[in-house]
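Participant: Please see the structure below; I have some questions.
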Amino acid sequence: MTPAPEVARDPDRLAALDEYDILDTVPEAEFDDLVTLACHLCAAPIGLISFVDRDRQWFKARQRHNFALPETDLGHSVCVHAVARGELLVIEDLAADPRTCTNPLVVEEPAVRFYAGAPLITPAGQVLGTICVIDRQPRPSGLSADQAEDLVRLARQVMGLLEMRRVLLRRSRAVLGARRDSLVLRERLRASEAEIDERRSSERRQEALIAIGDALHASGSREASITAASRLLVETLGTARAGVGLRPVGADHLDIIADWVRPGLQSLVGRHKLCALRGAGGLRPGRISVRRNAAPEAGGAQIAIGLREQEPLEGVLFVQCDGPRDWSRAEILFVQSVADRLSVSLAKRAALAKRELLARELEHRMKNTLSVVQALAAQTLRGLDDRGALDRLMRRLQALGKAHEVLLQESWSSAPIRPLVEASLALHGMDGRFEIAGPEMMLSPRATLSTSLLLHELGTNACKYGALSVPTGQVSVVWHIERPDDGDPVFVLGWRERGGPPARAPQYNGFGSRLIRAGLVGIGGGKLDYAPEGLTASFTAPVAAMTDAS
1 MTPAPEVARD PDRLAALDEY DILDTVPEAE FDDLVTLACH LCAAPIGLIS FVDRDRQWFK
61 ARQRHNFALP ETDLGHSVCV HAVARGELLV IEDLAADPRT CTNPLVVEEP AVRFYAGAPL
121 ITPAGQVLGT ICVIDRQPRP SGLSADQAED LVRLARQVMG LLEMRRVLLR RSRAVLGARR
181 DSLVLRERLR ASEAEIDERR SSERRQEALI AIGDALHASG SREASITAAS RLLVETLGTA
241 RAGVGLRPVG ADHLDIIADW VRPGLQSLVG RHKLCALRGA GGLRPGRISV RRNAAPEAGG
301 AQIAIGLREQ EPLEGVLFVQ CDGPRDWSRA EILFVQSVAD RLSVSLAKRA ALAKRELLAR
361 ELEHRMKNTL SVVQALAAQT LRGLDDRGAL DRLMRRLQAL GKAHEVLLQE SWSSAPIRPL
421 VEASLALHGM DGRFEIAGPE MMLSPRATLS TSLLLHELGT NACKYGALSV PTGQVSVVWH
481 IERPDDGDPV FVLGWRERGG PPARAPQYNG FGSRLIRAGL VGIGGGKLDY APEGLTASFT
541 APVAAMTDAS
């Protein structure tokens with residue numbers, strides 16, 4: 001007789017088995033049904049649910065008419081080998097397997113010859129026993145793939161029953177340990193139901209907070225933000241209405257600017273006296289007012305919270321019922337969390353609006369300044385014979401102005417490259433003559449101005465001498481980022497002219513030529529090829545130099 005594997009006496013495994021308190025319990029139909037189903041699926045006459053104890057295996061369920069033994073010692077156990085294996089064990093012929101060939105159940109009655117067992121594994125990974133099928137005839141082909149998978153599924157069902165049984169047993173013992181009478185049992189069950197309800201409510205509130213954050217981020221206006229938050233408050237808490245009011249500090253009225261009401265109720269949007277809102281107005285930032293047992297004629301139960309960071313106004317978020325309500329602490333904290341998120345969203349929206357206003361004002365002033373510079377330059381150079389120099393200066397100032405406009409869209413912090421390229425080339429009035437392509441990226445203010453001037457000079461030369469000097473010429477402006485294995489990423493800007501006259505190097509180096517040679521952000525890195533088919537230029541600079549705002 002082959003000795004049982006040492007895993008059978010593992011103290012951690014035995015402790016896990018004790019936790020389920022399943023040994024020597026009465027038969028239960030749920031377990032018997034699973035054994036019957038296993039026999040049916042695997043076409044086997046014998047099925048068992050076996051738990052391997054320290055020195056025995058005990059059968060919780062079995063086909064009693066085919067297998068009479070309620071338990072055996074480990075020397076008679078085949079299941080102990082499945083426990084040691086920790087996964088599905090199939091032995092086609094027990095008489096031929098060295099682990100079982102001397103087992104008394106094989107060499108004597110009932111003379112079993114085939115075994116397939118799926119382990120019963122706890123969530124912590126301990127193997128308690130098996131659900132198995134046995135045949136008195138060997139099966140050279142074992143189980144089919146479907147039968148094997150079905151047996152593993154049934155093992156999970158057994159563990160599900162064990163887990164459920166353990167939970168129910170723990171609850172029953174906790175209830176009966178406190179008091180044996182049925183009244184306490186009913187109270188504990190009600191408490192358990194309330195706990196489940198509160199857990200579900202807590203989950204709904206957490207989901208609502210996430211949804212509110214998404215809604216506040218996606219909303220396009222202050223009123224839309226308030227309406228979205230109010231709607232989720234009403235739907236999550238099941239209240240009559242929710243909304244936000246604002247008032248100037250010290251005023252005796254409150255302007256409710258947006259709310260959400262249950263169908264059939266009237267919106268409160270509009271101006272109201274503070275006294276008519278019963279505590280919803282005049283709250284300092286962060287202060288909370290809670291009414292619980294208010295009748296409908298008194299305005300109903302209410303939570304009101306003063307919103308933060310709404311200066312120079314005072315704001316309040318309110319949630320109202322149309323009757324009394326005993327607000328829980330969790331509900332009050334939920335409304336407070338919504339108020340905090342809404343406060344931040346409204347303050348951020350106000351700050352963005354203020355920043356946009358300042359940006360527009362700065363843009364207006366910058367345009368005025370550039371206009372003054374252009375006028376002064378025109379007035380100063382009016383007497384010169386070289387009108388081309390004046391025209392070039394004006395166009396360069398226009399290029400700078402376009403670059404400033406793009407920068408101002410991002411509050412002077414950075415500029416998106418594609419709008420910058422499009423604005424710089426649009427000054428030449430050659431719609432449809434440029435092909436523009438490249439990945440999205442943000443340029444620093446310095447790189448923005450440098451790139452704008454560079455493109456302007458290249459475009460000016462193309463209009464005078466290159467591809468844009470004839471109706472059929474085209475210019476391709478393409479940029480990309482190269483990532484060498486042994487260095488930092490490099491930004492590459494390409495300029496390619498085709499369809500124009502043959503390209504020729506300039507005869508003299510003026511200011512425009514020096515700008516082109518300076519390249520991107522003034523660090524050079526430019527290559528110009530004056531080929532017969534047209535100018536091809538490439539300019540490079542470290543990505544860090546193009547994006548670093550410092």
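Position one of the sequence shown corresponds to residue 1 (UniProt numbering), numbered consecutively onward. All C-beta atoms in this analysis are idealised placements derived from N, C-alpha and C, irrespective of residue type, glycine included.
1) Can you tell me which of the three DSSP states Tyr465 falls into?
2) Can you give the Cα-Cα distance for Ala218 and Glu149, rounded to whole angstroms?
3) Taking Ile257 as part of the beta strand (DSSP E), name the residues at either end of that continuous run.
4) By a C-beta neighbour count over all protein chains shown, 10 Å radius and 16 as the cutoff for buried, is Val372 buried or exposed?
5) Considering only the beta carbon of each residue, do Gly438 and His480 sit closer than 8 angstroms?
6) Can the beta-carbon of Leu313 be found less than 8 angstroms from the beta-carbon of Arg247?
7) Output needed for Arg200: all residues of its chain with C-beta closer than 6 angstroms, excluding positions within five of it in sequence on either side, in chain order.
8) Evaluate contact between the segment 242-259 and the segment 205-217, counting only Cβ atoms and requiring at least three cross-stretch pairs below 8 angstroms.
9) Grouping DSSP H, G and I as helix and E and B as strand, with all else coil, what is Gly75?
10) From which residue to which residue does the alpha helix (DSSP H) around Cys42 run?
11) Quick one, which of Asp548, Ile288, Gly117, Lys60 has its alpha-carbon nearest Thr25's?
12) Using a 10 Å radius around the Cβ and a threshold of 16 neighbouring Cβ atoms, would you call Met164 buried or exposed?
13) According to DSSP, simplified to helix, strand and coil, what is Thr540?
14) Are there 16 or more other CB atoms within 10 angstroms of the CB of Ala415, so buried, or fewer, so exposed?
15) Cα separation between Ala537 and Gly519?
16) Which ranges does the beta strand (DSSP E) cover as unbroken runs of at least 3 residues, wholly within the segment 436-492, from first to last along the chain?
17) Spell out a yes or no on whether the segment 41-50 and the segment 124-143 are touching, meaning 3 or more CB-CB pairs, one atom from each, closer than 8 angstroms.
18) Since Ile134 sits in a beta bridge, which residues does DSSP pair it with?
19) With respect to the alpha helix (DSSP H) encompassing Leu14, which residues constitute its N-terminal and C-terminal limits?
20) Within a Cβ cutoff of 6 angstroms, which residues of the same chain sit near Met1, ignoring the five residues on either side of it in sequence?
21) So Ile305 is in the beta strand (DSSP E); what residue range does that whole segment cover?
22) May I have the straight-line CA-CA distance separating Ala116 from Thr122, to the nearest angstrom?
23) Shortest alpha-carbon distance to Ser450 belongs to which of Leu161, Phe434, Ile417, Ile436?
24) Among the candidates Gly306, Gly160, Trp327, whose CA atom is the shortest distance from the CA of Arg291?
25) Shortest alpha-carbon distance to Arg349 belongs to which of Cys463, Ser221, Gly473?
Facilitator: On the basis of the coordinates in this document:
1) Coil, per DSSP.
2) Taking C-alpha positions only, Ala218 is separated from Glu149 by approximately 47 angstroms.
3) Element bounds for Ile257: 253-261.
4) Confidence in Val372 is poor, its pLDDT being 47 and thus under 50, which makes the residue's placement too unreliable to answer from.
5) Result yes, Cβ atoms of Gly438 and His480 sit closer than 8 angstroms.
6) Against a cut-off of 8 angstroms, the Cβ pair of Arg247 and Leu313 comes out as a contact.
7) When the five nearest sequence neighbours on each side are left out, no beta carbon in the same chain lies closer than 6 angstroms to the beta carbon of Arg200.
8) The segment 242-259 is not in contact with the segment 205-217.
9) Assignment of Gly75 by DSSP, reduced to helix, strand and coil, places it in the helix class.
10) That run of the alpha helix (DSSP H) goes 29-42.
11) The option with the nearest alpha carbon to Thr25 is Lys60.
12) Met164 is classed as exposed because its beta carbon has fewer than 16 other beta carbons within 10 Å across all chains shown.
13) Thr540 falls in the strand class under three-state DSSP.
14) Under this definition Ala415 is a buried residue.
15) In a straight line, the C-alpha of Ala537 is about 10 angstroms away from that of Gly519.
16) Under the rule that a run must span 3 or more residues, the beta strand (DSSP E) segments found entirely inside the segment 436-492 read 474-482.
17) Yes, they touch.
18) The partner list for Ile134 (beta bridge, DSSP) reads Ile46, Tyr115.
19) Residues 11-20.
20) With a pLDDT of only 48 at Met1, under the threshold of 50, the placement of this residue in the model should not be trusted; the figure read from the coordinates follows. Taken in chain order, the residues that qualify are Gly75, Thr102.
21) Counting along the chain, the beta strand (DSSP E) containing Ile305 begins and ends at 302-307.
22) So the alpha carbons of these two residues sit roughly 20 angstroms apart.
23) Comparing Cα positions, the closest option is Ile417.
24) When each option's Cα is compared against that of Arg291, the closest is Trp327.
25) Nearest option by C-alpha distance: Ser221.
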